[in-house]
């Protein structure tokens, strides 16, 4: 039996709009700017109470496949999420360009939640949602190759629908960051490395940590926002997409019949020879037609397609992140973003 609308509203209202726990912090977004582009970055939430509520950020990585953090979906029953959950497209959830429903959700099978009073960080903090229909935006490139020392120091772009300086969420914001380090699970960002101490903050969980990829000449998702210190003033960690690449590709394959990013992003049918697809192991068939005397194919011109659960969900807890050798141990005041 499906829950009634009144029960859905009461359940989601209690989970998403109730008071934060006593030890939760409602910090402001750190040095974010309103982001009017990056249309593949969306808010996930509900409008079951009459007004839209954003409780996490996510990214569209295939026409119907959405990537977010496991802790954004673990506390919501699957039936409730598929009935009352919403994907909000656009810059502001109060004036979305599109709103779509979900039909399925997958939690990473190796997901481990926060434990031991915050002494243990989460593991495989990743979740995949399936939209009920194709998204009205071009999906986002995401990274399958491992993070290496060569990536350290690279510029990043962080995007999310988290709290702003007036304690309001639901507007897409972005901030330029720098990759300071990584471990087996996370990429690490330190406020001190960024202009005006920028970093992710409450409501940004599940959103993409983007790195510029010269090969595809576009932003590419490197990680999913997972945790940060409670005042958003020192450091944050985002779960690497490469550590779960096979799992994500399996879901994409089952949903679309292919996991080829070039095909799913439309590069196999754009009339151009996108030779970088071959370099990524996903050869563009339009390059083959050019090589065999087919119609002339122009050089590719790529286009850039243009947080974490709010502490109101009751999931905010203190953590003691265990940093890698390159990152010194700091204060235990860490929170999910």
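Residue numbers (this note's numbering): 583 to 919.
For every residue, glycine included, the Cβ atom is placed at its ideal position computed from N, Cα and C.
Query: Test item: CB-CB of residue 692 and residue 706 under 8 Å; Result: yes
Query: Every unbroken beta strand (DSSP E) within the stretch 632-696, with a cutoff of 3 residues, ordered by chain; Result: 635-644, 647-650, 667-671, 680-682, 684-689
Query: As assigned by DSSP and simplified to three states, the class of residue 729; Result: coil
Query: Proximal residues to residue 656 (C-beta, below 8 Å), its chain only, five neighbours per side dropped; Result: 689, 693, 695, 709
Query: Rounded separation between residue 677 and residue 765 - CA only; Result: 39 Å
Query: Spatially closest choice to residue 704 from 865, 725, 653, by CA coordinates; Result: 653
Query: Residue 868, DSSP secondary structure in three states; Result: helix
Query: Between the CA atoms of residue 854 and residue 754 - distance to the nearest angstrom; Result: 32 Å
Query: Contact check, residue 638 vs residue 628, beta carbons under 8 Å; Result: no
Query: Sequence-distant residues of its chain with Cβ nearer than 8 Å to residue 586 (five each side left out); Result: A caution first: residue 586 carries a pLDDT of 32, below 50, which makes its placement in the model unreliable, though a value can still be read off. No residues qualify anywhere along the chain.
Query: Length-filtered (3 minimum) beta strand (DSSP E) runs lying within the stretch 781-862; Result: 790-795, 800-811, 817-822
Query: Per DSSP, the bridge partner or partners of residue 757; Result: 740
Query: Per DSSP, cross-strand counterpart(s) of residue 713; Result: 684
Query: Own chain residues within Cβ distance below 6 Å of residue 831, not counting five before or after; Result: 841
Query: Nearest-angstrom beta carbon gap, residue 771 and residue 804 [assumed within contact, 8 Å]; Result: No, residue 804 and residue 771 are not in contact; Cβ-Cβ is about 11 Å, not under 8 Å.
Query: Member of 865, 792, 674, 867 whose CA lies at the smallest distance from the CA of residue 722; Result: 792
Query: Whole-angstrom C-beta distance between residue 743 and residue 808, which should lie under 8 Å; Result: That belief does not hold up - the Cβ atoms of residue 808 and residue 743 are roughly 16 Å apart, past 8 Å.
Query: Burial state of residue 616 (16 or more Cβ within 10 Å); Result: exposed
Query: Boundaries (first-last residue) of the beta strand (DSSP E) holding residue 772; Result: 768-772
Query: Separation of residue 794 from residue 761, as counted between CA atoms; Result: 12 Å
Query: Cβ-Cβ distance between residue 720 and residue 839 below 8 Å; Result: no
Query: Candidates 782, 823, 670: closest to residue 728 by CA position; Result: 823
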